[in-house]
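Structure, as structure tokens:
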Amino acid sequence: MELPKLNFQETFDFKFKKDKDKFFIYDLVRKTYLLLTPEEWVRQHWVHYYLTVKSYSTSALITEKKIVLNGLTKRIDLLITEKAQPKILIECKAPQIKLTEKTFEQTARYNSIIGASEIILTNGLQHINAYYENEQYQFYKPE
3 MELPKLNFQE TFDFKFKKDK DKFFIYDLVR KTYLLLTPEE WVRQHWVHYY LTVKSYSTSA
63 LITEKKIVLN GLTKRIDLLI TEKAQPKILI ECKAPQIKLT EKTFEQTARY NSIIGASEII
123 LTNGLQHINA YYENEQYQFY KPE
């Protein structure tokens, strides 16, 4: 399986397995193998980044949490918490998905339910970072 190189300085030690003609990647948070989709490839980079580079514990990461938005059940991709409070909401797209104002607005709508102080919209190749302050988003480039 050909996986795109994503825009991370670090390289991570992923565990893979193959069953019939499908590939799976091990999720350190859920402690199970998940179907390796392009979006999952991006999410697992962020999971490894927060666990290995930022030294968060697995209990601080929440994946695929259900939320209800305008009566519809949605799932957030990844939420980083500190002291059980939402800190960073990460919305992952497949690498071929273009990040647009529309995809950012989707993430902001999810965050209206979650209430994280920061959001990251990513397709693994491009990352859009924003803090939520004074009821608006301030975009920034991380160091």
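Going by my numbering, the sequence shown opens with residue 3, and the numbers climb by one from there. Backbone N, C-alpha and C define an ideal beta-carbon position, used for all residues, glycine too.
Through-space distance from residue j to residue i, alpha-carbon basis
i    : j    : result
I90  : F16  : 23 Å
Y112 : T13  : 29 Å
K85  : L30  : 20 Å
I69  : G117 : 12 Å
E107 : T65  : 20 Å
T102 : I130 : 10 Å
Whole-angstrom C-beta distance between residue j and residue i, which should lie under 8 Å
i    : j    : result
W48  : I92  : 5 Å
P97  : L37  : 16 Å between Cβ atoms; not a contact.
E145 : Y134 : Rounded, the Cβ-Cβ distance is 20 Å, inconsistent with contact.
8 Å Cβ cutoff met for residue i and residue j
i    : j   : result
K104 : E41 : no
The beta strand (DSSP E) enclosing residue i, as first and last residue numbers
i    : result
E84  : L80 to E84
Y134 : H129 to E135
Q87  : Q87 to C94
Q1   : In the structure as shown, the chain starts at 3 and stops at 145, and residue 1 therefore has no counterpart that could be examined.
E66  : No beta strand (DSSP E) holds E66; DSSP gives it neither H nor E.
Alpha helix (DSSP H) segment containing residue i, residue limits
i    : result
E41  : P40 to H50
E107 : E103 to I116
Contact between the region 135–143 and the region 16–32 (3+ Cβ pairs under 8 Å): No: the two stretches stay apart, fewer than three of their Cβ pairs being nearer than 8 Å.
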